[in-house]
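Chains A and B, in that order, are what the protein sequence lines are.
For the first sequence, position 395 (counting from the first letter as 1) is numbered 395 according to the working numbering, and the numbering increases by one without interruption.
If you want the working numbering, it's the position in the second sequence, counting the first as 1, plus 1000.
Think of the CB as a built atom: it goes at the ideal place given N, C-alpha and C, for glycine as much as any other residue.
What follows is a set of notes on a single structure, which appears directly below.
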Amino acid sequence: MDLAKYAALFQTESREQLSTMNVELLALERAPTATEPVSAVFRAVHTMKGMSATMGYATVTALAHELESLLDRVRHGELAVDQTVTDALFAAVDALERAVEIEVAGGSAEAESAPALGRLQALARMRASSDAGDVSPFTAEMQVPTVGAASHVTRTVRVDLERLDGLMNLAGELLIARGRLTDVAHEIGDPALDEALSQASRLISELHEEIMASRMVPVGQVFDRFPRLVRDAAHSLGKEIELTLEGREIELDRSMLDEIGEPIVHLLRNAADHGIERPEDRVRTGKPRAGQLTLAVTRERQMVTMRVEDDGRGIDRDRVLARARAQGLVDATVESLSDEELVRVISRPGFSTADRVTDLSGRGVGIDVVLTRVRALGGAVEIRTAPGEGTNVTLRLPVTLAIVRALLARVEGEMYAVPMTHVHETVDLAHHARRRVQGRDVMLLRDEVVPLLQFREIVGLPEAGAVSVDGTTQVIVIESDGRRAGLVVDEFAGQQDIVVKEFDGVRDGLALFSGATILADGVPALIVDVGSLL
Amino acid sequence: MSHTVLICDDAVFMRTMISDILAESGFEVVGQAETGVQAIERYKTLRPDLVTMDIVMPDMGGIDAVREITSFDANAKILMCSAMGQQALVVEAIQAGAKDFVVKPFQPSRVLEAVQRVLG
């Protein structure tokens, strides 16, 4: 039998089982006498053993076998769960995870897995806990008692993500073609054609929605590994942290979820490293020993909100101010930072107040990374912090990356798209006063002074007086994170739903644009990353 | 007419592989189940000629499922699929009404032999 074709399936399913093991081991660590987590880990390990043996992956099988034996002893009350045991179990699961990747890739994981394997075998040889005499708390049977009601059954098939991406792209192209068709039909003006088109149009919309829905996955698929991550971070920092995960069943487009995982990890690590205090410091200030960290996901119409909140010391304004002065980010005369300034300073690329480089953060890769990524995804970030009470970072993200309503503008014959989420209004400069303030071009928008940005200059085109054909000057007032600016363009070209296509190289250098699209008439347009302009 | 089969295993990987082995030999895989409870439900609706049953599954294990199925259909033909080191459980499964067993890792020829024995 050709086993190679089962390798990908083995890998996918092993990852799921490993995720289950981590979740259940965390539960076991919190409640060392609980029997259900032991049974659940046992089942996951057992399943993996069967699969890896079939695939002929010797190291995965050996590790799984030792893990299973150890868990079996725990189940039968021959071994009490303490920190040594849970640490060894975690280490074994890590080794298992690496061994899966190595063996699937065709390598040998034998040497690398030897320490974890040795640790398991040593534990397995340990004597039974001394007080196993009377009634043992571990009486769990391997089979969990039958659940009376029939379990909820959903019928599913597995589809490669590339397939779904392909479908999504096709549906996107279909939307674009529909736009072009609508334009043509409008010119012809035949009622029969219009009717047929409107029917086709509705079907295309429905098809698009169905495909979008098929790409939605619960955030738990990525977020379930965070409790383990926070636990490890807390251990290495000598802190106690309880992570609460809320809304793990909320669904998000798969590609959006992949993109947002890293920023969330960053925020959690920041909270663990900088936010939450050491247990003794917490007790001294009247807080519980263990820091509370919450990751809560909620859905509001087309937006998903992710809140990372800790009850730690809050962001130290004085230290931020001192560092900001030292780095010349604020004027030397500034005495204190307002909320808004604080957020602006800490989100500067490379800003960090960490005293030393730890394992976790303080590498000068600060919250700016989070901000940049979230903005590129069409979202927004809000930070609230109170000294001694904690910090709350809230991300607002669209449910999907794919379709964005955009304002189109023409500059020197080229089309550019500005996402409507960042368009505050459009104005004609002819009706507003222009001034020069501190050497910068600004306009007066009602009572507000708004800096002007010449789009021509930004994209490196020669100055054309920024005057359009009919002698007026068109300005898009863009807005992000509470900041505004007027973007001077040649001409507005209407609004359109655009299908965002990522292009390579966006993340290095060409920070002005977050992607590209093809407009209804087949003309390509670049999508402006508003956040990077403000 | 080809024989119908219901495959019960909590791992998609295992279900896919067993399904491929049997389908290549002309069996008709009519259903799959990933827990013991599902196995019983599907058995009732599908009435397959043959069931392959994993021992360790969430919700309800394979042995309890065998007991339940044979309680309402004494002629059910169930083949246990066990991992190494589960001899005691295999014996229990046979006592519960399973007809035969194969041990993981599977070799297609072994699986087919066992299936032929069970179907008699």
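For Y57 (chain A), three-class secondary structure by DSSP: Counting from one through the first sequence, the residue named residue 57 (chain A) turns up at place 57. Reduced to three states, the DSSP call for Y57 (chain A) is coil.
Listed by chain order, chain A residues near K1104 (chain B) by CB distance under 7 Å: As a first step, residue 1104 (chain B) must be located in the second sequence, where it is residue number 104. Within chain A, the residues near K1104 (chain B) are G50, A53 and T54.
Closer than 8 Å at the beta carbon, the chain B residues around H46 (chain A): Translated into positions along the first sequence, residue 46 (chain A) becomes position 46. Residues of chain B passing the Cβ test: V1056 and A1083.
Range covered by the alpha helix (DSSP H) that runs through Q199 (chain A): In the first sequence, counting from the first residue as 1, residue 199 (chain A) sits at position 199. That run of the alpha helix (DSSP H) goes P191 to S214.
Below-9 Å beta-carbon distance, D258 (chain A) vs any chain B residue: Taking the first sequence and counting its residues from 1, the one referred to as residue 258 (chain A) is at position 258. Not an interface residue.
Any C-beta of chain B under 9 Å from that of A92 (chain A): Numbered from 1 along the first sequence, position 92 holds the residue referred to as residue 92 (chain A). Judged by the 9 Å Cβ criterion, A92 (chain A) is not in contact with chain B.
Cutoff 9 Å: M1080 (chain B) Cβ touching any chain A Cβ: Residue 1080 (chain B) sits at position 80 when you count from the first residue of the second sequence. With 9 Å as the cut-off, M1080 (chain B) does not count as an interface residue toward chain A.
Within chain B, partners of L70 (chain A) - CB distance below 7 Å: Locating residue 70 (chain A) in the first sequence gives position 70, where the first residue counts as 1. Going along chain B, no residue has its Cβ under 7 Å from L70 (chain A), so there is no contact; the nearest lies around 14 Å.
9 Å Cβ cutoff met for L167 (chain A) and I211 (chain A): Counted from its first residue, the first sequence places residue 167 (chain A) at position 167. Counted from its first residue, the first sequence places residue 211 (chain A) at position 211. Yes, they are a contact pair.
Contact with chain A by M1053 (chain B), beta-carbon distance below 9 Å: Numbered from its first residue, the second sequence carries residue 1053 (chain B) at position 53. So no, M1053 (chain B) is outside the interface.
Proximity test, Cβ basis, 9 Å: E40 (chain A) and chain B: Mapped onto the first sequence, residue 40 (chain A) falls at position 40. According to the sequence displayed, residue 40 (chain A) carries Ala and not Glu. Closer than 9 Å to some Cβ of chain B, the Cβ of A40 (chain A) qualifies, so yes.
Local Cβ density within 10 Å of I535 (chain A), reported as buried at 16 or more and exposed below that: Any question about residue 535 (chain A) goes unanswered here, given that chain A covers just 1 to 534.
Beta-carbon gap between I1021 (chain B) and V1051 (chain B) smaller than 9 Å: To locate residue 1021 (chain B), count along the second sequence from 1; it is residue 21. To locate residue 1051 (chain B), count along the second sequence from 1; it is residue 51. Not a contact, by the Cβ cut-off of 9 Å.
Option nearest D72 (chain A) by Cα separation, candidates A:A4, A:G379 and A:H46: Taking the first sequence and counting its residues from 1, the one referred to as residue 72 (chain A) is at position 72. Comparing Cα positions, the closest option is A:H46.
Integer Cβ distance of V1029 (chain B) from R43 (chain A), believed to fall under 8 Å: The residue labelled residue 1029 (chain B) in the question sits at position 29 within the second sequence. The residue labelled residue 43 (chain A) in the question sits at position 43 within the first sequence. Actually they do not touch by this definition, with Cβ atoms about 24 Å apart.
Contacts of E13 (chain A) in chain B (Cβ-Cβ under 7 Å): In the first sequence, the residue the question calls residue 13 (chain A) occupies position 13. Those within 7 Å of E13 (chain A) in chain B are A1011, V1012 and F1013.
Status (buried if at least 16 other CB within 10 Å, exposed otherwise) for K1044 (chain B): Within the second sequence, the letter at position 44 stands for residue 1044 (chain B). Exposed: under 16 other Cβ atoms inside 10 Å.
Three-state secondary structure (DSSP) of L67 (chain A): Stepping through the first sequence from its first residue, residue 67 (chain A) is reached at position 67. If DSSP states are grouped into helix, strand and coil, L67 (chain A) belongs with the helices.
Nearest-angstrom Cα separation, counted from G1062 (chain B) out to S1025 (chain B): Sequence index remark: in the second sequence, residue 1025 (chain B) carries index 25 (1-based). Sequence index remark: in the second sequence, residue 1062 (chain B) carries index 62 (1-based). Taking the straight line from one Cα to the other gives about 25 Å.
Whether F513 (chain A) touches V488 (chain A) by CB criterion (9 Å): As a working mapping, residue 513 (chain A) is identified with position 513 in the first sequence. As a working mapping, residue 488 (chain A) is identified with position 488 in the first sequence. No, Cβ-Cβ distance for F513 (chain A) and V488 (chain A) is not below 9 Å.
Distance, P1108 (chain B) Cα to D194 (chain A) Cα: Locating residue 194 (chain A) in the first sequence gives position 194, where the first residue counts as 1. Locating residue 1108 (chain B) in the second sequence gives position 108, where the first residue counts as 1. Those two C-alpha atoms are separated by around 60 Å.
Counterpart residues of Y416 (chain A) in DSSP-defined beta bridges: If you number the first sequence from 1, residue 416 (chain A) lands on position 416. Looking at the DSSP output, Y416 (chain A) shares a beta bridge with A:A409 and A:L526.
Contact with chain B by F513 (chain A), beta-carbon distance below 9 Å: Taking the first residue of the first sequence as position 1, residue 513 (chain A) is located at position 513. F513 (chain A) does not count as touching chain B.
Cβ contact (3+ pairs, closer than 8 Å) linking the stretch 276-289 of chain A and the stretch 239-256 of chain A: yes
Backbone CA spacing between V411 (chain A) and D441 (chain A) [nearest angstrom]: Residue mapping note: residue 411 (chain A) aligns to position 411 of the first sequence, counting from 1. Residue mapping note: residue 441 (chain A) aligns to position 441 of the first sequence, counting from 1. Near 19 Å, if we compare the C-alpha coordinates of D441 (chain A) and V411 (chain A).
Coil, strand or helix - V23 (chain A) by DSSP: Looking up residue 23 (chain A) in the first sequence gives position 23. The answer is helix: DSSP assigns V23 (chain A) an H, G or I state.
Three-state secondary structure assigned by DSSP to R119 (chain A): Looking up residue 119 (chain A) in the first sequence gives position 119. In this structure, R119 (chain A) counts as helix in the three-state DSSP scheme.
Beta-carbon gap between T1016 (chain B) and D1049 (chain B) smaller than 9 Å: Along the second sequence, read from residue 1 onward, the residue named residue 1016 (chain B) stands at position 16. Along the second sequence, read from residue 1 onward, the residue named residue 1049 (chain B) stands at position 49. No, Cβ-Cβ distance for T1016 (chain B) and D1049 (chain B) is not below 9 Å.
Spatial neighbours of G531 (chain A) in its chain, beta-carbon cut-off 6 Å, leaving aside the 5 residues before and after: If you number the first sequence from 1, residue 531 (chain A) lands on position 531. Result list for G531 (chain A): R375 and S480, in chain order.
Test: S129 (chain A) CB closer than 9 Å to a CB of chain B: On the first sequence, residue 129 (chain A) is found 129 positions in, with the first residue counted as 1. The predicted model places S129 (chain A) with a pLDDT of 43, which falls under 50 and marks its position as unreliable, so this point remains unresolved.
Residues of the stretch 3-27 of chain A whose Cβ lies closer than 7 Å to any Cβ of chain B, in chain order: Y6, L9, F10 and E13
DSSP-derived helix/strand/coil call for S514 (chain A): The sequence position of residue 514 (chain A) within the first sequence is 514, counting from 1. Three-state result, S514 (chain A): strand.
H208 (chain A) vs L174 (chain A) beta-carbon contact at 9 Å: Start at 1 with the first residue of the first sequence, and residue 208 (chain A) comes out as number 208. Start at 1 with the first residue of the first sequence, and residue 174 (chain A) comes out as number 174. Yes, Cβ-Cβ distance for H208 (chain A) and L174 (chain A) is below 9 Å.
Runs of beta strand (DSSP E) wholly within the stretch 1017-1082 of chain B (minimum 3 residues, chain order): 1028-1033, 1050-1054 and 1078-1082
Residues near D94 (chain A) by beta carbon distance below 8 Å, same chain, minus five either side: Counting from one through the first sequence, the residue named residue 94 (chain A) turns up at place 94. Here the set comprises A116.
Beta-carbon neighbours of T1016 (chain B), restricted to chain A and to distances below 8 Å: Start at 1 with the first residue of the second sequence, and residue 1016 (chain B) comes out as number 16. The contacting residues are Y6 and L9.
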